[in-house]
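Novice:
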Amino acid sequence: MASLQRHPDPILTRDDLPDVPPRLLDPSSVFNPGAARFLGRDRLLLRVQGRSRESFLMPARSADGLRFEVEARAITIDGLAKAGERIHHVYDPRLTVVGDTCYAVFAADLDDACRLGVAATTDFRSFELIGLDPAGDSRNGVLFPEQVRGRWLRLERPNRTALDGGPTSGETIVLAESDDLRSWRPVAPVMSGRWRYWDERIGSGPPPVKTRAGWLHLYHGVATHFQSANVYQAGAVLLDLDDPSRVLARTWNNVLEPRATWELTGQVPNVVFPSGMIVDRVDADGFAEPGSLVRVYYGAADTVVGLATATIAELIDACRDPEPPA
Ligand code: BMA
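Here's what the structure looks like:
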């Protein structure tokens, strides 16, 4: 069975974080990073929680995709303070590089809803707000790396339910489109959770990667049927290149589940939450090469950052694992 292979230890823990006074002194946790290869380096945009339990975004960079140096600063998104909303946290950014721009789609917690925002950077130092959704309640927004039929596309997951004792969640990933990255219209539902199996509630992981077999997309699934815990796992799906609302194949088994001690215990136990994915080799037409290594960065137990690897071909094979006959 094809699955992701975890690096034995977390690649980042709170011990790797420099202090950033005054809000991030001796921070609590680092998890759910956005990831991209940008300006010649592998880069992460980390979710870091201070002792106030506020979330901040800290950049990190690496020459080998394994050892990351965290910069001693939290980024600010220019224009966000003027967006007219009281925002408590900005978190779980997903990074997409288009040309010389790196876009971050992030979640912003307001008093009574979570909104998605899009910010852009060309130097990974200053980030500028392009737009914050004026309405709605969604998380796990991911931008496709190219326009399809002249429109920007993203996947997102409307929040419709509250997990038992946990955060709001949802069971459907939706495709949305935009002309300007500011206002978004829903196009069609893409996929739903599978009740009683590993992915009852679902949400997008890293942005989709273009392969000749379709858009390869990792997502998280939450099993909610255990007495006292929600178990967050990772799976994969292939979406049609021309119509990404069409699912071509979907993993029946998860490809990564909490097993290491640092995935099973922490701030929120039993969580692997894939949020970044870097593909080593892309061909001249922009398709990920089947033999290419894929590095998946994920939050573990909402406490540390893990790394898991596979090849593109292995992940595509995992999507095609047949569902057992009824
Ligand atoms: C989700 C999000 C993530 C978090 C996960 C597990 O709903 O809030 O940020 O990592 O729950 O707690």
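The numbers in the sequence shown follow the numbering used here, run straight up by one, and end at 1225. Think of the CB as a built atom: it goes at the ideal place given N, C-alpha and C, for glycine as much as any other residue. On a predicted model such as this, the values are computed, not experimentally measured, just so you know.
Taking 9 Å as the CB-CB cut-off, is Lys1109 touching chain B?
Specialist: Going by chain labels, chain B is absent from the structure shown, which holds only one protein chain.
Novice: Please tell me whether, using a cut-off of 8 Å, the distance from the CB of Thr1067 to the nearest non-hydrogen atom of the ligand BMA is below it.
Specialist: Result yes, Cβ under 8 Å from the ligand BMA.
Novice: Can you list the beta strand (DSSP E) stretches of 3 or more residues lying completely in the region 1144-1207, in chain order?
Specialist: Entirely contained in the region 1144-1207, the beta strand (DSSP E) runs reaching 3 residues are, in chain order, 1146-1149, 1171-1178 and 1192-1199.
Novice: In terms of residue numbering, what span does the beta strand (DSSP E) encompassing Arg960 cover?
Specialist: Where Arg960 is concerned, the enclosing beta strand (DSSP E) stretches over Ser954 to Ser961.
Novice: List the DSSP bridge partners of Phe930.
Specialist: In the DSSP output, where bridge partners are listed per residue, Phe930 has Arg946.
Novice: When every heavy atom of the ligand BMA is checked, does at least one fall within less than 8 Å of the C-beta of Gly1260?
Specialist: Because residue 1260 is not part of the residues shown, which for the chain are 900 to 1225, the question remains open.
Novice: Assign Arg1219 to one of three DSSP states: helix, strand, or coil.
Specialist: Note: Arg1219 maps to helix in three-state DSSP.
Novice: Thinking just about the alpha-carbon of each residue, which of Gly1205, Ala1034 and Ser954 is nearest to the one in Glu984?
Specialist: Looking at the Cα atoms, Ala1034 is the closest of the given residues.
Novice: For Phe937, verify whether its CB is less than 8 Å away from any heavy atom of the ligand GDP.
Specialist: For the ligand GDP, the structure offers nothing, since it holds only the ligand BMA.
Novice: State the DSSP-derived secondary structure class of Arg913, mapped to helix, strand or coil.
Specialist: Helix, per DSSP.
Novice: Going residue by residue through the region 1092-1149, where are the continuous beta strand (DSSP E) segments of at least 3 residues, counting only ones entirely within it?
Specialist: With a minimum length of 3 residues, the continuous beta strand (DSSP E) runs that stay inside the region 1092-1149 are 1100-1103, 1108-1110, 1113-1122, 1130-1138 and 1146-1149.
Novice: Can you find the residues in the same chain that come closer than 7 Å, C-beta to C-beta, to Leu1192, ignoring five residues on each side of it along the sequence?
Specialist: Same-chain partners within the cutoff: Asp1179, Thr1208 and Thr1210.
Novice: Using 9 Å as the threshold, is the C-beta distance between Ala934 and Pro1105 below it?
Specialist: Going by C-beta atoms, Ala934 is nearer than 9 Å to Pro1105.
Novice: Give the straight-line distance between the Cα atoms of Gln1233 and Gln1166, rounded to the nearest whole angstrom.
Specialist: A question about residue 1233 goes unanswered here, because the residues of the chain that appear run from 900 up to 1225.
Novice: Using DSSP's beta-bridge definition, name the partner residues of Val1089.
Specialist: Answer is none; Val1089 lacks a bridge partner.
Novice: Once you ignore the five residues that flank Phe937 on each side, which residues in its own chain have a CB closer than 7 Å to its CB?
Specialist: The residues are Val996, Cys1001 and Phe1023.
Novice: Compare the C-alpha of Leu944 against each of Leu956, Ser951, Val1086 and Ala1187 and name the closest.
Specialist: Nearest option by C-alpha distance: Leu956.
Novice: Which stretch, first to last residue, makes up the beta strand (DSSP E) that contains Gly978?
Specialist: Where Gly978 is concerned, there is no enclosing beta strand (DSSP E), given that its DSSP letter is neither H nor E.
Novice: Excluding the five sequence neighbours on either side, which residues of its own chain have a C-beta within less than 8 Å of the C-beta of Arg1081, listed in chain order?
Specialist: For Arg1081, where only same-chain residues beyond five positions count, the Cβ hits under 8 Å are Val1017, Ile1029 and Gly1030.
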